[in-house]
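Quick note: the sequence shown uses my numbering, first residue 3, plus one each step. We put the beta carbon where it would ideally sit given N, CA and C, even for glycine. See below for the structure under consideration.
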Amino acid sequence: MGTRGAIPIILLPGMDGTGELLRAVADQLSIHRPVQVLAYPLDRPLGYDQLVAYVLDRAPNVPFVILGESFSGPIAIEIAAKDWRAVGLVLVSSFARHPLPTAFAPFARFIDLKWLPMSIVAAALMGPTATPELSDQLRRTLAELPREIIRTRAYEVLRVDKRDRLRQVPCPVLCLHGRRDRFLGRRHVNEIVASQPSCQVRWLDAPHMLLETHPEAAAEAINYFCDQLKDLTT
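Written out as structure tokens, the structure is:
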């Protein structure tokens with residue numbers, strides 16, 4: 003699917019790593035361009051460096067836009083900084099540096115999502131836009147994740163700092179963020195802009211999971227950004 007000749011886009015999922023929650027926005031984007039949603043392996047925990055290699059091995063050998071949602075933002079940054087094929091970088095509800103002090107990193111091994119009521123998780127991630135259908139999809143997706151996978155990813159998040167790598171990104175950057183994000187706020191957007199002053203920033207009236215709760219508005223902003231990159235691939 004997608005308009006012939008349009009720049010393809012690779013979607014990297016959030017902490018769940020499955021890509022299942024990105025179906026709605028992928029459908030919207032595919033109206034205008036080829037879309038590849040990558041899922042991460044569930045049979046073994048992989049750190050950020052390993053996931054970068056995993057994504058690059060599966061990326062097309064043509065110019066593309068790389069989108070990192072939340073957890074995957076640092077992966078997308080690294081790919082945009084090092085690979086000629088990345089002609090655009092989109093950071094959605096994401097960050098360049100760990101959102102919490104690194105002192106919390108050792109506690110990541112104790113994380114267990116079973117301790118948290120799903121109603122609280124859904125409300126925190128999606129706010130009042132947490133429809134029963136989305137909440138159920140989130141519950142099913144998280145329930146299938148091995149505990150060690152979540153712990154490894156949380157540990158990686160609490161240690162990562164890609165600000166220097168973001169400064170080295172040569173392609174245009176879009177930062178798409180929700181005004182109602184309860185996890186990552188304006189400070190994280192400001193850090194991205196400080197490393198990439200030419201970064202385009204788009205705010206949506208949305209929670210952390212803006213791609214899932216506002217797929218049409220998100221796709222519109224992303225497609226507009228991608229359309230501006232046509233001259234870079236011709």
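Check the C-beta distance from residue i over to residue j and give it rounded, since I have them as a contact under 8 Å.
| i | j | result |
| --- | --- | --- |
| L178 | A220 | 6 Å |
| L231 | V94 | No, L231 and V94 are not in contact; Cβ-Cβ is about 17 Å, not under 8 Å. |
| L2 | Q30 | Outside the shown range of the chain (3 to 236) lies residue 2, about which nothing can therefore be said. |
| L91 | A82 | 4 Å |
| T20 | M128 | Incorrect: roughly 17 Å between the Cβ atoms, too far for contact. |
| L160 | H100 | 5 Å |
| I11 | V67 | 4 Å |
| S72 | H210 | 7 Å |
Whole angstroms is fine: what's the gap from residue i's alpha carbon to residue j's?
| i | j | result |
| --- | --- | --- |
| L40 | R46 | 16 Å |
| R204 | E80 | 22 Å |
| G70 | A208 | 17 Å |
| P130 | L136 | 11 Å |
| F106 | A8 | Any reading at F106 must be qualified, since the residue scores a pLDDT of 43, below 50, and its modelled position is unreliable; no value is offered. |
| L24 | S197 | 27 Å |
| I224 | L147 | 28 Å |
| A55 | E150 | 20 Å |
| C173 | P199 | 12 Å |
| I152 | T143 | 12 Å |
| G180 | A26 | 17 Å |
| P36 | T5 | 7 Å |
| N63 | R182 | 37 Å |
| R155 | D229 | 33 Å |
Which residue comes first and which comes last in the beta strand (DSSP E) that contains residue i?
| i | result |
| --- | --- |
| A88 | A88 to V94 |
| L13 | I11 to L14 |
| E71 | F66 to E71 |
In three-state terms, what does DSSP make of residue i?
| i | result |
| --- | --- |
| H216 | coil |
| F97 | coil |
| I152 | helix |
| I81 | helix |
| H190 | helix |
| I224 | helix |
| P76 | helix |
| Q170 | coil |
| R25 | helix |
Which residue or residues does DSSP assign as beta-bridge partners of residue i?
| i | result |
| --- | --- |
| P204 | In the sequence under discussion, the amino acid at residue 204 is Arg, which differs from the Pro named in the question. Paired residue(s): L178. |
| D163 | R99 |
| V39 | L13 |
In the DSSP assignment, find the alpha helix (DSSP H) that holds residue i and state where it starts and stops.
| i | result |
| --- | --- |
| Q198 | Here Q198 belongs to no alpha helix (DSSP H), and DSSP marks it neither H nor E. |
| A145 | P134 to A145 |
| L58 | Y50 to R60 |
Is residue i close to chain D? Criterion is C-beta to C-beta, closer than 8 Å.
| i | result |
| --- | --- |
| V171 | Among the chains of the structure shown, chain D does not appear; only one protein chain is present. |
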